[in-house]
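Inspection log for the structure reproduced underneath, given as structure tokens.
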Amino acid sequence: MAEHFPRDAWYAVGGAAMLAEGEIMPVKLFGKERVAWRGDDGESHVWHNRCIHRGMRLQFGFVDGDRLACRYHGWRFGGDAQCKKIPAQPTLAPPDDFRIPVFQSAEKNGLVWTTAGTPGANVTGLPDSENFVFCRSLAVHAPPDAVVEHFGNMDASITTPGILSAILNIEGADVPVAVAIQPVSADKSQIHVTAGQAGAENAIQPLRLRVSAWARRLRDTIENQTEKEDSE
Amino acid sequence: MTRTTDKVALNEWQAVGTVEEIISGKRRNTRLLGQDIIVEMDGEIPRMFENNANGGIGTEHPAQALYGHIWTTLGTPVKAPLDMPEFKEDGRRLVVCGALTVRASALRIVENFLDMAHFPYVHTGILGEEPITAVNDYKIEIREPEDEVWATECSFFQPQAAASADDGQVSQYMYRVSSPFVTVLYKTCPVVEGAWDLVGIFVQPKDEAECDVHTFMLVLDETSTMSDLVHFQQEIFLQDRSILENQIPPGLPLDPMDEIAIKADGSSMLYRRWLRNKGLTFGTHRGDGSSQAA
Numbered sequence: 001m002a003e004h005f006p007r008d009a010w011y012a013v014g015g016a017a018m019l020a021e022g023e024i025m026p027v028k029l030f031g032k033e034r035v036a037w038r039g040d041d042g043e044s045h046v047w048h049n050r051c052i053h054r055g056m057r058l059q060f061g062f063v064d065g066d067r068l069a070c071r072y073h074g075w076r077f078g079g080d081a082q083c084k085k086i087p088a089q090p091t092l093a094p095p096d097d098f099r100i101p102v103f104q105s106a107e108k109n110g111l112v113w114t115t116a117g118t119p120g121a122n123v124t125g126l127p128d129s130e131n132f133v134f135c136r137s138l139a140v141h142a143p144p145d146a147v148v149e150h151f152g153n154m155d156a157s158i159t160t161p162g163i164l165s166a167i168l169n170i171e172g173a174d175v176p177v178a179v180a181i182q183p184v185s186a187d188k189s190q191i192h193v194t195a196g197q198a199g200a201e202n203a204i205q206p207l208r209l210r211v212s213a214w215a216r217r218l219r220d221t222i223e224n225q226t227e228k229e230d231s232e
Numbered sequence: 001m002t003r004t005t006d007k008v009a010l011n012e013w014q015a016v017g018t019v020e021e022i023i024s025g026k027r028r029n030t031r032l033l034g035q036d037i038i039v040e041m042d043g044e045i046p047r048m049f050e051n052n053a054n055g056g057i058g059t060e061h062p063a064q065a066l067y068g069h070i071w072t073t074l075g076t077p078v079k080a081p082l083d084m085p086e087f088k089e090d091g092r093r094l095v096v097c098g099a100l101t102v103r104a105s106a107l108r109i110v111e112n113f114l115d116m117a118h119f120p121y122v123h124t125g126i127l128g129e130e131p132i133t134a135v136n137d138y139k140i141e142i143r144e145p146e147d148e149v150w151a152t153e154c155s156f157f158q159p160q161a162a163a164s165a166d167d168g169q170v171s172q173y174m175y176r177v178s179s180p181f182v183t184v185l186y187k188t189c190p191v192v193e194g195a196w197d198l199v200g201i202f203v204q205p206k207d208e209a210e211c212d213v214h215t216f217m218l219v220l221d222e223t224s225t226m227s228d229l230v231h232f233q234q235e236i237f238l239q240d241r242s243i244l245e246n247q248i249p250p251g252l253p254l255d256p257m258d259e260i261a262i263k264a265d266g267s268s269m270l271y272r273r274w275l276r277n278k279g280l281t282f283g284t285h286r287g288d289g290s291s292q293a294a
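Protein chains in written order, with the working numbering: chain A, 1 to 232; chain B, 1 to 294.
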């Protein structure tokens with residue numbers, strides 16, 4: 001997996017619009033559990049999915065303003081991941097080291113991005129994608145490398161790790177698409193599909209539907225292929 | 001998994017089913033510490049046998065009926081099951097709630113039972129509620145010669161402390177851990193002033209990360225129906241299960257550096273230290289990667 005999916009690269013983990021204010025989303029990258037959430041201040045975050053106190057998965061917590069609360073004991077963590085409040089001991093000022101480990105994250109091209117390493121400060125995003133819109137995310141029960149290989153057979157290019165660009169012909173028109181592959185684990189992937197949109201605002205929804213339909217067929221093909229290879 | 005080699009875990013008495021369910025002629029096929037076992041009644045005598053992989057009945061081990069449950073051991077216990085003289089008192093009702101399967105370490109389950117700080121968040125509106133979330137100072141000790149962990153002078157404000165409670169009350173608690181897998185709490189009785197109700201869990205560790213939790217209550221409550229009492233307790237334990245099955249790592253970390261603790265976690269920290277001093281490894285998180293629970 002290391003060749004196509006370096007640890008230090010940026011990976012899309014979901015559509016930014018899927019993570020509304022006050023929402024929490026579990027995320028997996030290279031088999032490790034993360035939690036993505038967005039405070040009422042609009043900021044999104046990607047953290048370890050584990051409370052430092054008693055190990056509770058933070059994905060089951062709740063957003064309280066611009067803080068994330070753990071479901072188990074209500075500990076509140078600010079956007080900087082520092083513990084701000086411990087309800088069991090309200091007078092205790094939480095020490096500096098009461099902090100959830102975080103991962104670099106950013107939003108670009110309508111996607112939330114994160115990493116397992118230390119990429120450059122600026123998120124790369126999709127190549128040549130000024131007018132790209134997010135279409136949908138799909139879980140693929142196939143290794144991330146299998147997804148890359150499949151695209152290799154269909155005249156797609158990879159200029160950025162984990163991102164495949166191709167031109168689709170949809171109903172006679174050429175549509176540029178970019179698929180960001182999320183290496184979920186050794187045998188699972190997620191694909192985040194975006195498409196170039198040159199037409200009017202009201203053309204976005206039909207484009208989404210067509211590209212999503214293409215993405216579902218693509219997913220089925222990759223899964224069938226993987227299943228066949230497994231049974232051989 | 002196969003039967004654990006952890007002698008500390010093997011040398012304890014464990015509850016593995018209720019007298020009521022097994023006396024009705026039902027054998028219970030279950031598992032204890034990774035060993036498949038059969039529990040049955042021979043007249044009035046409870047018996048436990050290993051259940052071999054080929055389906056044959058294997059070695060017999062000691063068994064006894066106590067507190068509405070069948071207790072057994074795969075090892076050589078160093079002490080008897082805990083003594084609860086309240087079971088001989090007049091006017092108390094024993095409520096046996098039955099087994100609830102929880103995919104978690106027995107030690108995480110016991111530790112959660114000792115914890116008051118989660119009441120407002122996990123048992124919202126019943127055992128606690130924001131904004132009254134502070135855990136008042138309490139006392140912790142190891143009692144000798146019983147070798148038990150105790151937390152006393154505990155108190156917490158509760159909107160609905162028991163099935164029989166109409167209003168909120170400040171409940172007084174005492175907690176007692178008599179084996180790594182057995183714990184009981186004593187709680188202000190909402191009906192009889194000055195009396196304690198007992199609630200306890202006998203955790204049957206089937207594997208390092210899966211248990212049957214046998215729950216009982218011994219209460220002074222003549223008005224609630226049996227099903228009210230059972231439902232109240234089941235609701236509480238189902239809420240706890242949603243937490244217990246989502247703790248990472250599944251095994252209980254005994255190294256104080258692994259998880260952060262505050263003063264309110266005093267009973268948890270003493271329980272962890274007590275387990276560490278016993279040399280227990282079953283159900284713990286081992287940093288060397290050998291933890292089967294991780």
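For glycine and all other residues, C-beta sits at the position ideal for the given N, C-alpha and C.
All figures in this text were calculated on a predicted structure; none of them were measured in a lab.
Any beta carbon from chain B within less than 8 Å of A:Met56's own beta carbon? For A:Met56, a Cβ of chain B is located within less than 8 Å of the residue's own Cβ.
Indicate whether A:Gly61 and A:Ile100 have their beta-carbon atoms separated by less than 8 Å. Contact flag unset, no.
Any Cβ of chain A within less than 8 Å of the Cβ of B:Tyr186? For B:Tyr186, not one C-beta of chain A is nearer than 8 Å to its own C-beta.
For B:Lys79, name the three-state secondary structure that DSSP assigns. Three-state result, B:Lys79: coil.
B:Tyr271: CB within 7 Å of a non-hydrogen atom of the ligand MN: Ligands are entirely absent from the displayed structure, and the ligand MN is therefore not among its contents.
By the 10 Å Cβ neighbour count, where 16 or more other Cβ atoms means buried, how is A:Gly152 classified, buried or exposed? Here A:Gly152 is exposed: its Cβ has fewer than 16 other Cβ atoms, across all protein chains shown, within 10 Å.
Give me the chain B residues within the contact set of A:Pro90, using Cβ-Cβ distance strictly less than 8 Å, ordered along the chain. Residues of chain B passing the Cβ test: Thr133, Ala134.
Spell out a yes or no on whether the segment 127-139 of chain A and the segment 215-222 of chain A are touching, meaning 3 or more CB-CB pairs, one atom from each, closer than 8 Å. Yes: at least three Cβ pairs fall under 8 Å.
State the beta-bridge partners of B:Asp55 as determined by DSSP. Rather than Asp, the amino acid found at residue 55 of chain B in this sequence is Gly. Answer by DSSP bridge pairing: none, since B:Gly55 is not bridged.
Less than 8 Å between CB atoms is the rule here; does A:Tyr11 satisfy it with respect to chain B? False, the Cβ-Cβ gap to chain B never drops below 8 Å.
Reduced DSSP category for B:Asn29 - H, G, I as helix; E, B as strand; rest coil: Under the three-state reduction of DSSP, B:Asn29 is assigned to strand.
Check this for me: beta carbons of A:Ala180 and A:Ala12, under 8 Å apart or not? The Cβ atoms of A:Ala180 and A:Ala12 sit closer than 8 Å to each other.
I'd like the span of the alpha helix (DSSP H) that includes A:Arg217, first residue to last. Note, A:Arg217: alpha helix (DSSP H), 204-231.
Taking 8 Å as the threshold (beta carbon to beta carbon), is B:Tyr121 in contact with chain A? Yes, because at least one Cβ of chain A sits closer than 8 Å to the Cβ of B:Tyr121.
Are three or more beta carbon pairs between the segment 56-67 of chain B and the segment 179-194 of chain B nearer than 8 Å? Verdict: no, contact absent.
Unbroken alpha helix (DSSP H) run spanning B:Asp295, endpoints: With chain B running from 1 to 294 in the structure shown, residue 295 of chain B is simply not present.
Return helix, strand or coil for A:Arg34, following the three-state DSSP convention. Under the three-state reduction of DSSP, A:Arg34 is assigned to strand.
Select from the segment 40-74 of chain A all residues with a C-beta closer than 7 Å to any C-beta belonging to chain B, and list them in chain order. So the close ones are Arg50, Ile52, His53, Arg54, Gly55, Met56, Arg57, Phe60, Arg71, Tyr72, His73, Gly74.
I'd like the span of the alpha helix (DSSP H) that includes B:Met217, first residue to last. For B:Met217, there is no enclosing alpha helix (DSSP H); the residue is found in the beta strand (DSSP E) stretching over 210-219.
Inspect the beta-carbon positions of B:Arg27 and B:Glu40 and report whether they are closer than 8 Å. Cβ atoms of B:Arg27 and B:Glu40: closer than 8 Å.
Considering only DSSP beta bridges, list what B:Asp36 is partnered with. B:Asp36 is bridged to B:Arg31.
So what does DSSP say about A:Ser10, is it helix, strand or coil? Reading off the sequence, residue 10 of chain A comes out as Trp, not Ser. Looking at A:Trp10 - three-state DSSP - the assignment turns out to be coil, as it is neither helix nor strand.
Give me the residue from B:Ala104, B:Asn136, B:Trp150, B:Leu185 with the minimum Cα distance to B:Val213. Out of B:Ala104, B:Asn136, B:Trp150, B:Leu185, the CA that lies nearest to the CA of B:Val213 is found in B:Ala104.
Which same chain residues end up closer than 6 Å to B:Arg272 when comparing Cβ atoms and leaving out the 5 residues on each side of it in sequence? Around B:Arg272: Leu254.
Identify each residue in the segment 231-250 of chain B for which the Cβ-Cβ distance to at least one residue of chain A is less than 8 Å, and report them in chain order. Taking 8 Å as the Cβ-Cβ cut-off against chain A, the residues of the segment 231-250 of chain B that qualify are Ser242, Ile243, Asn246, Gln247, Ile248, Pro249.
Contacts around A:Gln82, its chain only, beta-carbon distance under 8 Å, and the 5 residues preceding and following it disregarded: For A:Gln82, the CB contacts under 8 Å within the same chain, skipping 5 residues up- and downstream, are Pro94, Asp96, Phe98, Arg99 in chain order.
State yes or no: is the beta carbon of A:Ile86 nearer than 8 Å to at least one beta carbon in chain B? Cβ-Cβ to chain B under 8 Å: yes for A:Ile86.
Where does B:Ser290 land, buried or exposed, given buried means 16+ other C-beta within 10 angstroms? Confidence is the limiting factor: at B:Ser290 the pLDDT is only 47, short of 50, which leaves the residue's position unreliable and the question unanswerable from this model.
Cβ of B:Ala294 within 8 Å of any chain A Cβ: With a pLDDT of 32 at B:Ala294, under the threshold of 50, the modelled position of that residue is not reliable, and no figure is offered here.
Hey, B:Leu100 and B:Thr215: beta-carbon distance below 8 Å or not? Between B:Leu100 and B:Thr215, the gap from beta carbon to beta carbon is short of 8 Å.
Rounded straight-line distance, which links the Cα of B:Gln35 to that of B:Ala9: One Cα belongs to B:Ala9, the other to B:Gln35, and the distance between them is close to 12 Å.
Determine whether the Cβ of A:Phe132 lies closer than 8 Å to any Cβ atom of chain B. No, A:Phe132 does not count as interfacial toward chain B.
Thinking A:Gly55 and B:Pro249 are a contact (beta carbons under 8 Å), I'd like their distance in whole angstroms, please. The Cβ separation is near 7 Å, so the contact holds.
Answer with yes or no whether the minimum CB distance from B:Glu259 to chain A is below 8 Å. So yes, B:Glu259 belongs to the interface.
Which residues share a DSSP beta bridge with A:Lys153? The displayed chain sequence assigns Asn, not Lys, to residue 153 of chain A. The partner list for A:Asn153 (beta bridge, DSSP) is empty, contrary to what the question assumes.
What are the residues in the segment 136-150 of chain B lying within 8 Å of chain A by C-beta distance? Per Cβ criterion, the list is empty.
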